[in-house]
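**Q** Just passing along the structure, written as structure tokens.
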Amino acid sequence: MTEKIRVRFAPSPTGFLHIGGARTALFNWLYAKHNNGTFILRIEDTDRTRSTDEYIEAIIEGMKWLGLEWDEGPFRQTERFDIYKKYIDKLLETGKAYYCYCSSEDLEERRRLAISTGKPQKYDGRCRHLKEPVKEVNPVVRFKMPHHGQTVVDDLIRGHVVFENEQLDDLIILRSDGTPTYNLTVVVDDVDMKITHVIRGDDHLNNTPRQIQIYEALNYSVPKFAHLPMILGSDKARLSKRHGATSVMAYYEMGYLPDALVNYLVRLGWSYGDQEVFTKEELIQYFSFDHVGSAAAVFNPEKLLWLNSQYIINASNEKLAELVIPFLIKERIISEGESLDKEWLMKAIGTLKERSRTLIELAVSLRYYIAEEVEYDTKAKEKFLNQKSRDLLIDLKEGLASIEDFSHQKLEEIFKAVTEKHGVKLKDLAQPVRVAMTGGTASPGIFELIEIVGKKKTLRRLEKAVKAIEA
Ligand code: GLU
1112 MTEKIRVRFA PSPTGFLHIG GARTALFNWL YAKHNNGTFI LRIEDTDRTR
1162 STDEYIEAII EGMKWLGLEW DEGPFRQTER FDIYKKYIDK LLETGKAYYC
1212 YCSSEDLEER RRLAISTGKP QKYDGRCRHL KEPVKEVNPV VRFKMPHHGQ
1262 TVVDDLIRGH VVFENEQLDD LIILRSDGTP TYNLTVVVDD VDMKITHVIR
1312 GDDHLNNTPR QIQIYEALNY SVPKFAHLPM ILGSDKARLS KRHGATSVMA
1362 YYEMGYLPDA LVNYLVRLGW SYGDQEVFTK EELIQYFSFD HVGSAAAVFN
1412 PEKLLWLNSQ YIINASNEKL AELVIPFLIK ERIISEGESL DKEWLMKAIG
1462 TLKERSRTLI ELAVSLRYYI AEEVEYDTKA KEKFLNQKSR DLLIDLKEGL
1512 ASIEDFSHQK LEEIFKAVTE KHGVKLKDLA QPVRVAMTGG TASPGIFELI
1562 EIVGKKKTLR RLEKAVKAIE A
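Per my numbering, residue 1112 is the first one in the sequence shown, and the count goes up by one each step.
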């Protein structure tokens, strides 16, 4: 029988869900889905000074938006102190951990001395062999690291990584205020939650030999590890706000589709031939650590934008009609609670999706379908709304006023009659009309635009353009 895969995402709620965290969550989620396993969400909030409930909410919001639903949790470490205590007692009882009474001043002084004499700056083990407690001092608990030999991490991505045990410190597992520390809680939870694979950023690789020692001291089998490559900005520095938005929900605000971001995130470290666009089903089917490289991944906002445009093109008009509403409100194109005819909106979106890279761009382009009035771009107005186009616009308006059927074919006939009368080309008429209809010079095909905007608004806009020329 093969073991049931159990993985976890274990964020510390000291900030929003960011690109790196989301990538870690996604790789865990994919690995679980691919293997019919279980994905657990665990909030590592033992650092009470930096963790907040708002950040917990924000992380959950980000994961839900990305569609990374978990099967168990969210667990909170601050609700599990009794469990950690049990394991710490066990380590103390078996002599694998000890109380340490050294004050921080003493430690600081010994550290300075170590530096000046060129000795390793780690805890010197002074309290390892104490027989009696020191009175009136609140001790910490330290884990007894082996001083000799090596600890090997067999990483699914990094391969065989060897650590010399003499480099490992007798780390504190319980602070003097009674709170347990990260390396202890993470091991206890991974044991207690029966985690089979620890998948996390490679900034944790250095903690792994320490954690392996704790597993062994507790007599538990060590899970498999997969440390994901770092994410860098284009200048090869660690990804930070300087490189663009790093919070996941900022991408929601900017009009990205969650699946586009997921598709982008998965390629930060993983590849499958030279395929770039994947459905979620394909990702689940193809995902494995065989295709995760150990080289750092570079965050490329232009590629993310390109992917988003692909997802917009491939999304149904119906779905986009739902997704664009909050952006129409945000851009003040419609007011809150105002509703648009869905069929009509879907038709308008169909003419714009090939040219919209984000939902904001889509919303902004919809402005000229929806608004009562259009604002002219100064250059476009100067170039196309002039004496030369005035008569064309007047005749077109007259022609359009005479028909009820605003079908593509009928519109084409009216345009043709006007261009023939004046002996001009279609584009000599279409560009001024485009400025009259949208305020600018770029828009979808002029006939579909007019068809969707409809008779009433079209006549009003042509009229306004003629007036603008005359003014
Ligand atoms: N809480 C840790 C962090 O947010 C993750 C620990 C782990 O995955 O082992 O960096």
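We treat Cβ as the ideally placed atom computed from N, Cα and C, and that holds for glycine.
Only a predicted model underlies this, so the values are computations on that prediction, with no experimental measurement involved.
(1) DSSP has F1526 in a bridge; who is on the other side?
(2) Just to confirm before moving on: does the CB-CB distance between G1188 and T1157 stay below 8 angstroms?
(3) Whether or not the region 1258 to 1272 and the region 1290 to 1297 are in contact is what I'm after, with contact meaning three or more pairs of Cβ atoms, one per stretch, closer than 8 angstroms; do they touch?
(4) Using the C-alpha atoms, what's the distance from R1221 back to S1227?
(5) Taking the alpha carbon of T1357 as the reference point, which residue from L1376, D1370 and E1493 has its own alpha carbon closest?
(6) Is the CB-CB distance between F1526 and G1565 below 8 angstroms?
(7) Smallest Cα separation from L1456: which of V1435, L1540, T1530 and R1572?
(8) Select from R1117, E1114, L1152 and I1170 the residue whose C-alpha is nearest the C-alpha of T1125.
(9) Determine, using beta carbons only, whether G1178 and P1369 come nearer to each other than 8 angstroms.
(10) Determine the closest residue to R1119 out of L1128, H1129 and N1139, with distance taken between C-alpha atoms.
(11) Please name the residue in E1454, A1407 and G1366 whose C-alpha comes closest to that of L1473.
(12) Would you call the region 1434 to 1448 and the region 1396 to 1409 in contact, with 3 or more CB pairs under 8 angstroms?
(13) Flag P1122 as yes when its Cβ comes closer than 7 angstroms to any non-hydrogen atom of the ligand GLU, and as no otherwise.
(14) If you scan the region 1390 to 1464 from start to end, which runs of the alpha helix (DSSP H) of 4 or more residues do you find wholly inside it?
(15) Can you tell me which of the three DSSP states K1335 falls into?
(16) Assign V1535 to one of three DSSP states: helix, strand, or coil.
(17) What is the rounded straight-line gap between the Cα of E1219 and the Cα of M1304?
(18) For the beta strand (DSSP E) that Q1261 lies in, which residues bound it at each end?
(19) Rounded to whole angstroms, what's the CA-CA distance from Y1209 to C1238? Just pull it up for me.
(20) Relative to the ligand GLU, is the shortest distance from any of its heavy atoms to the C-beta of H1315 smaller than 7 angstroms?
(21) When the Cβ atoms of the region 1378 to 1388 are set against those of the region 1323 to 1330, are three or more pairs found closer than 8 angstroms?
(22) Taking 7 angstroms as the cut-off, is the C-beta of E1243 nearer than that to any heavy atom in the ligand GLU?
(23) So, are the CB atoms of I1152 and W1181 less than 8 angstroms apart?
(24) Quick check: what's the CA-CA separation for Y1480 versus I1557?
(25) Count the other C-beta atoms from every protein chain shown that fall within 10 angstroms of the C-beta of S1214, then say buried if there are 16 or more, exposed otherwise.
(26) My guess is that V1359 and G1173 are in contact by the Cβ rule of under 8 angstroms, so how many angstroms apart are they, rounded?
(27) Per DSSP, which residues does E1216 bridge with? Please list them.
(28) Looking only at C-alpha atoms, which of D1314, D1452, S1162 and D1502 sits nearest to I1563?
(29) Does the beta-carbon of R1321, which I'm using as the reference point, lie nearer than 7 angstroms to any heavy atom of the ligand GLU?
(30) What number of angstroms, rounded off, separates the C-alpha of R1161 from the C-alpha of A1459?
(31) Mapping DSSP to helix, strand and coil, what is W1176?
(32) In whole angstroms, give me the CA-to-CA distance for M1548 and L1511.
(33) Cα-Cα, which of F1274, T1163 and I1306 is closest to E1114?
(34) What's the call for Q1396, buried or exposed, on a 16-neighbour Cβ count within 10 Å?
(35) With C-beta atoms as the reference, is G1550 less than 8 angstroms away from E1486?
**A** From the atom records:
(1) Residue numbering aside, residue 1526 sits at position 415 when the sequence shown is read from its first letter. Note: F1526 sits in no beta bridge, so no partner.
(2) Indexing the sequence shown from 1 puts residue 1188 at position 77. Indexing the sequence shown from 1 puts residue 1157 at position 46. This sequence places Gln at residue 1188; Gly is not what is there. Closer than 8 angstroms, so yes.
(3) Taking a contact to require three or more Cβ pairs closer than 8 angstroms, the region 1290 to 1297 and the region 1258 to 1272 do not qualify as touching.
(4) Translated into the one-based positions of the sequence shown, residue 1227 becomes position 116. Translated into the one-based positions of the sequence shown, residue 1221 becomes position 110. C-alpha separation (whole angstroms): 10 angstroms.
(5) In the sequence shown, counting from the first residue as 1, residue 1357 sits at position 246. Looking at the Cα atoms, L1376 is the closest of the given residues.
(6) To locate residue 1526, count along the sequence shown from 1; it is residue 415. To locate residue 1565, count along the sequence shown from 1; it is residue 454. Note that the C-beta distance between F1526 and G1565 is not below 8 angstroms.
(7) As a first step, residue 1456 must be located in the sequence shown, where it is residue number 345. When V1435, L1540, T1530 and R1572 are compared, the shortest CA-CA separation from L1456 is found for V1435.
(8) As a first step, residue 1125 is located in the sequence shown; it is residue number 14 there, counting from the start. Proximity to T1125 across R1117, E1114, L1152 and I1170 peaks at I1170, based on C-alpha coordinates.
(9) Locating residue 1178 in the sequence shown gives position 67, counting from the first residue. Locating residue 1369 in the sequence shown gives position 258, counting from the first residue. Yes, Cβ-Cβ distance for G1178 and P1369 is below 8 angstroms.
(10) To locate residue 1119, count along the sequence shown from 1; it is residue 8. Nearest C-alpha to R1119: N1139.
(11) Looking up residue 1473 in the sequence shown gives position 362. Nearest option by C-alpha distance: G1366.
(12) Result no; under three Cβ-Cβ pairs closer than 8 angstroms.
(13) Position 11 of the sequence shown, counted from the first residue, corresponds to residue 1122. Indeed, a heavy atom of the ligand GLU lies less than 7 angstroms from the Cβ.
(14) Taking only runs of at least 4 residues, the alpha helix (DSSP H) segments lying wholly in the region 1390 to 1464 are 1391 to 1397, 1412 to 1425, 1428 to 1434, 1436 to 1441 and 1453 to 1463.
(15) Within the sequence shown, the letter at position 224 stands for residue 1335. Note: K1335 maps to strand in three-state DSSP.
(16) Position 424 of the sequence shown, counting from 1, holds the residue named residue 1535. When secondary structure is reduced to three states using DSSP, V1535 falls in the coil class, being assigned neither helix nor strand.
(17) On the sequence shown, position 108 is the one that residue 1219 refers to. On the sequence shown, position 193 is the one that residue 1304 refers to. Going by C-alpha positions, E1219 is about 37 angstroms away from M1304.
(18) If you number the sequence shown from 1, residue 1261 lands on position 150. DSSP places Q1261 inside the beta strand (DSSP E), whose first and last residues are Q1261 to D1266.
(19) On the sequence shown, residue 1209 is found 98 positions in, with the first residue counted as 1. On the sequence shown, residue 1238 is found 127 positions in, with the first residue counted as 1. Cα to Cα, Y1209 sits roughly 8 angstroms from C1238.
(20) The sequence position of residue 1315 within the sequence shown is 204, counting from 1. Yes, the beta carbon of H1315 sits closer than 7 angstroms to at least one heavy atom of the ligand GLU.
(21) Result no; under three Cβ-Cβ pairs closer than 8 angstroms.
(22) Numbered from 1 along the sequence shown, position 132 holds the residue referred to as residue 1243. Because no heavy atom of the ligand GLU lies under 7 angstroms away, the Cβ of E1243 does not count as near it: no.
(23) Residue mapping note: residue 1152 aligns to position 41 of the sequence shown, counting from 1. Residue mapping note: residue 1181 aligns to position 70 of the sequence shown, counting from 1. With the sequence shown as reference, residue 1152 is identified as Leu, and Ile is not the correct amino acid for it. The answer is yes: Cβ separation under 8 angstroms.
(24) Counted from its first residue, the sequence shown places residue 1480 at position 369. Counted from its first residue, the sequence shown places residue 1557 at position 446. Y1480 and I1557 have their alpha carbons spaced roughly 12 angstroms apart.
(25) By one-based count along the sequence shown, residue 1214 stands at place 103. With fewer than 16 other Cβ atoms from the protein chains shown falling within 10 Å of its own Cβ, S1214 counts as exposed.
(26) Along the sequence shown, one-based indexing puts residue 1359 at 248. Along the sequence shown, one-based indexing puts residue 1173 at 62. So it is a contact: roughly 4 angstroms between Cβ atoms.
(27) By 1-based counting over the sequence shown, the position of residue 1216 is 105. DSSP output for E1216 lists no bridge partner at all.
(28) Position 452 of the sequence shown, counted from the first residue, corresponds to residue 1563. It is D1452.
(29) The residue you call residue 1321 lines up with position 210 of the sequence shown. Incorrect: R1321 has no Cβ contact closer than 7 angstroms to the ligand GLU.
(30) Position 50 of the sequence shown, counted from the first residue, corresponds to residue 1161. Position 348 of the sequence shown, counted from the first residue, corresponds to residue 1459. Cα-Cα distance, rounded: 47 angstroms.
(31) Locating residue 1176 in the sequence shown gives position 65, counting from the first residue. W1176: helix per DSSP, three-state reduction.
(32) One-based indexing of the sequence shown puts residue 1548 at position 437. One-based indexing of the sequence shown puts residue 1511 at position 400. Taking the Cα positions, M1548 is about 14 angstroms away from L1511.
(33) Residue 1114 sits at position 3 when you count from the first residue of the sequence shown. When only C-alpha atoms are compared, the closest one is I1306.
(34) Indexing the sequence shown from 1 puts residue 1396 at position 285. Classification for Q1396: exposed.
(35) Position 439 of the sequence shown holds residue 1550. Position 375 of the sequence shown holds residue 1486. For the 8 angstroms CB-CB criterion, G1550 and E1486 form a contact.
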